[in-house]
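Student: Sharing a structure here in structure tokens format.
Residue numbers (our numbering), protein chains in the order written: chain A, 3 to 516; chain B, 45 to 308; chain C, 1200 to 1405.
Here is the structure:
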């Protein structure tokens, strides 16, 4: 590997222009087009934030610009994808302009391609047939630009945090020297620190290269100061144009504020209205953690001895009371989720213990981890960060009935939950086909259907739009007032404020460092 | 299971050889050892392999941790061969369908040693070979399609993630009331459900990863390689070493008169 | 954009085909690895009683071949997936050593031949069962007659019993299960970019 780190005179990046004329796209197997009749001009070097309700075709547009749409599978039948009008980068089809645009998506895990940092950054440049020596120059420069220059080139990519992975992806894009950078909700899966890391890295790189930017993101405040234009898209129809509003950020936000709020967009300075807590009394103790040490790993057997895993966090004590909220906060890697899962009886503690009081255990025994699955769900319900991990049946109604059927009662409550969480229309749908917000609401409803006294939620508001956020917060505040205990792992201070209650802050432990 | 697919920390001599030459040496040994079931050739090969372990950065402790399932499997294979092979010589055991004779026991023992002698070189190979280097060699030297080689390599990176997700899905399903305990049938059902959940996530992830790769210009025509896969003098030694070990095993068996060709 | 250029992609592998096929193969490896921990309870008794019985759980190894083809629906999918799965097993540490690659290739070939006979047009239940059985048959033959086969020293009747068991296992575990899984996957919408996206509504027998 070349050690030379000579900066080339100028990393000549020519910013790209985008032109759409009556452009439309229908995905394979769908009856309605995702984008219809789009007219849009983006000048070289412009920085555009794309907003709009879900279903407005924002992601489709980004994918098209990245040249990854349209490589469609053709089985010779009707129902394949369909394109109309024209969408051009510098006057040519994006597919013929490989390397002119670089795309970053939401899930950090899939933005990394290879197992070593250096290889991953080099990947795009290799595909563009850049000469070997030049590749390594670009790799060093790109890593420097995104603030990862301190990592050795053979550092394993699996050891990076979410924010670092996204910055690595950005470096991989930069090494291609693209004139157009496309970001599809690049920070939706990151904690607040990661969000700023990525936003600032993008800002620095744009300032340096002058590339054109198109970013899709629900949280306007993150990108508002970085962009110079906001374009609001709306779901296409024959009558309406695809672009609803277009202009400088302040102007668009002022004109479209009401509409954006209605569409669930996080407009700066706006916190959705939520229900206020009514009761604030102290409830009965249900669950207590004492001197807990937690880890996801199981004890290993080695030479007739059982070796306990190294805990990610230790000496945690906490109490969960009926009708009270407990918010677990702390930096990434502090073991918040691991603690919540241990408290919820899903992981065995490494040290210390979790004990249920008689009010909660109702004869099932003191240790939740030893309860049978059907005993557990009627006492402690856990909502995982990824709703799909919890789907167990083929349609929404069965999904909701599943818990009550296992517990043996509570089927009558299902209708009320369907109504309350606006799922009634969707009873026959396959859970996996729902939108992000619908999946979140369903996953909360399914867990509540078994009527647990304690509800544990892992990052329930992650990546949710403002509407789902407000609904969820209000609903939980209602549950709390009705006497359910709610434990939530969250980075979301506004959300904790709605729920009230106590905060348990976990710090980084020295024991974690190898 | 190996979660970490890189070889960070391993600086042993054999990590510097080209994966293809190591692979060729292992395949050659495997084929030669497979030709005969006898305890002499297998034992000679086994001893040679154990001597090579330090060169691949393997210690006995590591070998034991990674290798005991192989030993168990080989023992089971030896057992089944010794009771099912056609009997010859004195009968040692005869209970219903089980019968073991001197001849079949010797065959079973030879089989067990041969199984180990075939399994160990692969362990040796993978502990001194980084999958990334193997992919580089397969695409650049063996001239396999880089789309397939790198597509597979990128997917393999997700294996650790899949293993982690398997555990998470298991907990998430317990939180829905799906028990992973109970009778074998219930457990099988729970495992199938969990597998389906993992499969959905695997396909989602793979689809997104494919978009990422394509958006980085992957899949087009010619590409360059940031790192060249090269052969060195070490590779000559690796190939010669493989051939020599195979030859020593065969010669020893011939000399001892135990060589028995599987086809004959 | 000319649709003619797009239509040509019928039989060539797109990047998404390659990556998804590879990950199906690898996830198959993870699932089977997890399952084999449970199977460890089943396998030794089977071995102790009558070793060829282990052929009955062999079908698990052939899931990637059939499932990969049912999802991707491109020539070579069965062969590719099964070979990659074997590669994955080699990396994790296989008791069969490097010979596992050949076994994987042969099993994949068995399934591939069946799909090829139907010119890659039929992916219904009977074809899936046949493909699974063929993969199982090839697995049984490889294990019984190839020099590195684990059952090479068995007596003839035991070899035959083993081969029958692997074929049955292949049909049921690899064939039927993969077919059911593909329909389930199609319902979740994750197959939307593949020819198999309509698998859930396709007729079972024709």
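Glycine included, every Cβ here is placed at the ideal spot set by N, Cα and C.
1. List the residues of chain C that residue 253 of chain B touches, going by C-beta distances under 7 Å, in chain order.
2. Residue 247 of chain B touches chain C at which residues, Cβ-Cβ below 8 Å?
3. Kindly indicate which three-state DSSP category residue 214 of chain A falls into: helix, strand or coil?
4. For the segment 143-153 of chain B and the segment 230-249 of chain B, state whether three or more C-beta atom pairs, one from each stretch, are separated by less than 8 Å.
5. Between which two residues does the alpha helix (DSSP H) carrying residue 476 of chain A extend?
6. Buried or exposed for residue 410 of chain A, please, with buried defined as at least 16 other CB atoms from any protein chain shown within 10 angstroms of its CB.
7. Looking at chain B, is there any beta carbon in it that lies within less than 7 Å of the beta carbon of residue 1289 of chain C?
8. Report the rounded CA-to-CA distance for residue 1363 of chain C versus residue 1307 of chain C, giving the unit in angstroms.
9. Shortest alpha-carbon distance to residue 163 of chain B belongs to which of C/1244, C/1297 and C/1226?
10. So residue 321 of chain A is in the beta strand (DSSP E); what residue range does that whole segment cover?
11. One question on the structure: do residue 476 of chain A and residue 300 of chain A come within less than 7 Å of each other, judged by their Cβ atoms?
12. Looking at the C-beta of residue 405 of chain A, does it have a partner C-beta in chain B at a distance below 7 Å?
13. Name the two residues that bound the continuous beta strand (DSSP E) containing residue 20 of chain A.
14. If the cut-off is 8 Å on Cβ atoms, which residues from the segment 23-42 of chain A count as contacting chain C, listed in chain order?
15. Give a yes or no on whether the minimum CB-CB distance between residue 1292 of chain C and chain B is below 7 Å.
16. Given a cut-off of 7 Å on the beta-carbon distance, is the pair residue 217 of chain A and residue 185 of chain A in contact?
17. With three or more C-beta pairs closer than 8 Å as the rule, is the segment 373-384 of chain A touching the segment 1354-1372 of chain C?
18. Short of 8 Å Cβ to Cβ, which residues in the segment 120-145 of chain B face chain C?
19. Please check if any C-beta of chain C sits within less than 7 Å of the C-beta of residue 61 of chain B.
20. Following the continuous beta strand (DSSP E) through residue 49 of chain A, name the residue where it begins and the one where it ends.
21. Among the residues of its own chain, which have a CB less than 7 Å from the CB of residue 15 of chain A, if the five just before and after it don't count?
22. Can you pull the chain B residues whose beta carbon is under 8 Å from the beta carbon of residue 1357 of chain C, in chain order?
23. CB residue 296 of chain A to CB residue 321 of chain A, shorter than 7 Å?
24. Does the segment 1331-1344 of chain C come close enough to the segment 1244-1259 of chain C to have 3 or more Cβ pairs within less than 8 Å?
25. Taking residue 456 of chain A as the reference, which of A/83, A/488, A/462 and A/505 has the closest Cα?
26. Relative to chain B, which residues along the segment 187-208 of chain A have a C-beta separation below 9 Å, given in chain order?
27. Using a Cβ-Cβ distance under 7 Å, would residue 183 of chain A count as near chain B?
28. Which chain A residues sit within Cβ distance under 9 Å of residue 222 of chain B?
29. Apart from the five residues on each side of it in sequence, which residues of its chain come closer than 8 Å, Cβ to Cβ, to residue 1299 of chain C?
30. Which residue marks the beginning of the beta strand (DSSP E) containing residue 291 of chain A, and which one marks its end?
31. Just curious, the alpha helix (DSSP H) that residue 213 of chain B is in, first and last residue?
32. Between residue 213 of chain A and chain B, is the shortest Cβ-Cβ distance under 7 Å, so that the two count as touching?
33. Check residue 1402 of chain C in the structure and name its three-state DSSP category.
34. Examine chain C for any beta-carbon lying closer than 7 Å to the beta-carbon of residue 129 of chain A, and answer yes or no.
35. For the ligand GDP, any of its heavy atoms closer than 6 Å to the Cβ of residue 1350 of chain C?
36. Measure the Cβ-Cβ separation of residue 470 of chain A and residue 439 of chain A and say whether it is below 7 Å.
Tutor: Put simply:
1. For the purposes of this step, residue 253 of chain B is taken as residue 209 along the second chain, with counting starting at 1. Here the neighbours are 1218.
2. The count along the second chain starts at 1 and reaches residue 247 of chain B at position 203. Going along chain C in sequence order, the residues near residue 247 of chain B (Cβ under 8 Å) are 1219, 1222, 1223, 1270, 1384, 1389 and 1390.
3. If you number the first chain from 1, residue 214 of chain A lands on position 212. Note: residue 214 of chain A maps to strand in three-state DSSP.
4. Not touching, per the Cβ criterion.
5. The count along the first chain starts at 1 and reaches residue 476 of chain A at position 474. 468-483 is the span of the alpha helix (DSSP H), which, as asked, contains residue 476 of chain A.
6. The residue labelled residue 410 of chain A in the question sits at position 408 within the first chain. Its Cβ having fewer than 16 others within 10 Å, residue 410 of chain A is exposed.
7. Numbered from 1 along the third chain, position 90 holds the residue referred to as residue 1289 of chain C. Flagged as an interface residue toward chain B: residue 1289 of chain C, by a C-beta distance shorter than 7 Å.
8. By one-based count along the third chain, residue 1363 of chain C stands at place 164. By one-based count along the third chain, residue 1307 of chain C stands at place 108. So the alpha carbons of these two residues sit roughly 18 Å apart.
9. For the purposes of this step, residue 163 of chain B is taken as residue 119 along the second chain, with counting starting at 1. When each option's Cα is compared against that of residue 163 of chain B, the closest is C/1297.
10. Counting from one through the first chain, the residue named residue 321 of chain A turns up at place 319. First-last of the beta strand (DSSP E) with residue 321 of chain A: 315-323.
11. The sequence position of residue 476 of chain A within the first chain is 474, counting from 1. The sequence position of residue 300 of chain A within the first chain is 298, counting from 1. No, these two residues do not count as a Cβ contact at 7 Å.
12. For the purposes of this step, residue 405 of chain A is taken as the residue at position 403 of the first chain. The C-beta of residue 405 of chain A comes closer than 7 Å to at least one C-beta of chain B.
13. Counting from one through the first chain, the residue named residue 20 of chain A turns up at place 18. Residue 20 of chain A -> beta strand (DSSP E) spans 20-28.
14. Those residues of the segment 23-42 of chain A that come within reach of chain C (Cβ to Cβ, closer than 8 Å) are 29, 30 and 31.
15. Position 93 of the third chain, counting from 1, holds the residue named residue 1292 of chain C. Interface residue, yes.
16. As a working mapping, residue 217 of chain A is identified with position 215 in the first chain. As a working mapping, residue 185 of chain A is identified with position 183 in the first chain. Going by C-beta atoms, residue 217 of chain A is nearer than 7 Å to residue 185 of chain A.
17. They do not touch, by the three-pair rule.
18. Sequence-ordered contacts of the segment 120-145 of chain B with chain C read 120, 121, 123, 124, 125, 127, 128, 129, 130 and 141 [C-beta pairs closer than 8 Å].
19. Within the second chain, the letter at position 17 stands for residue 61 of chain B. With 7 Å as the cut-off, residue 61 of chain B does not count as an interface residue toward chain C.
20. By 1-based counting over the first chain, the position of residue 49 of chain A is 47. Counting along the chain, the beta strand (DSSP E) containing residue 49 of chain A begins and ends at 49-53.
21. Numbered from 1 along the first chain, position 13 holds the residue referred to as residue 15 of chain A. These residues qualify, in order along the chain: 179, 181, 211, 212 and 213.
22. Within the third chain, the letter at position 158 stands for residue 1357 of chain C. Within chain B, the residues near residue 1357 of chain C are 128.
23. The residue you call residue 296 of chain A lines up with position 294 of the first chain. The residue you call residue 321 of chain A lines up with position 319 of the first chain. For residue 296 of chain A and residue 321 of chain A, no; Cβs fall outside 7 Å.
24. Of all C-beta pairs linking the segment 1331-1344 of chain C to the segment 1244-1259 of chain C, three or more are shorter than 8 Å, placing the two stretches in contact.
25. Stepping through the first chain from its first residue, residue 456 of chain A is reached at position 454. The residue with the shortest Cα to Cα distance from residue 456 of chain A is A/488.
26. Interface annotation for the segment 187-208 of chain A against chain B: empty, criterion Cβ-Cβ distance under 9 Å.
27. For the purposes of this step, residue 183 of chain A is taken as residue 181 along the first chain, with counting starting at 1. The beta carbon of residue 183 of chain A does not come within 7 Å of any beta carbon belonging to chain B, so the residue lies off that interface.
28. For the purposes of this step, residue 222 of chain B is taken as residue 178 along the second chain, with counting starting at 1. For the C-beta of residue 222 of chain B, the chain A residues within less than 9 Å are, from N- to C-terminus, 375, 394, 404 and 408.
29. As a first step, residue 1299 of chain C is located in the third chain; it is residue number 100 there, counting from the start. Correct list, in chain order: 1285, 1288, 1289 and 1293.
30. To locate residue 291 of chain A, count along the first chain from 1; it is residue 289. Its beta strand (DSSP E) spans residues 287-296.
31. If you number the second chain from 1, residue 213 of chain B lands on position 169. Per DSSP, residue 213 of chain B is one residue of the alpha helix (DSSP H) stretching across 203-218.
32. To locate residue 213 of chain A, count along the first chain from 1; it is residue 211. Using a CB distance cut-off of 7 Å, residue 213 of chain A does not count as an interface residue toward chain B.
33. Your numbering for residue 1402 of chain C matches position 203 in the third chain. In this structure, DSSP gives residue 1402 of chain C a state outside helix and strand, which the three-state scheme calls coil.
34. Sequence index remark: in the first chain, residue 129 of chain A carries index 127 (1-based). Closer than 7 Å: no.
35. With respect to the ligand GDP, the structure offers nothing, as it holds no ligand at all.
36. By one-based count along the first chain, residue 470 of chain A stands at place 468. By one-based count along the first chain, residue 439 of chain A stands at place 437. In this structure, residue 439 of chain A lies closer than 7 Å to residue 470 of chain A by Cβ.
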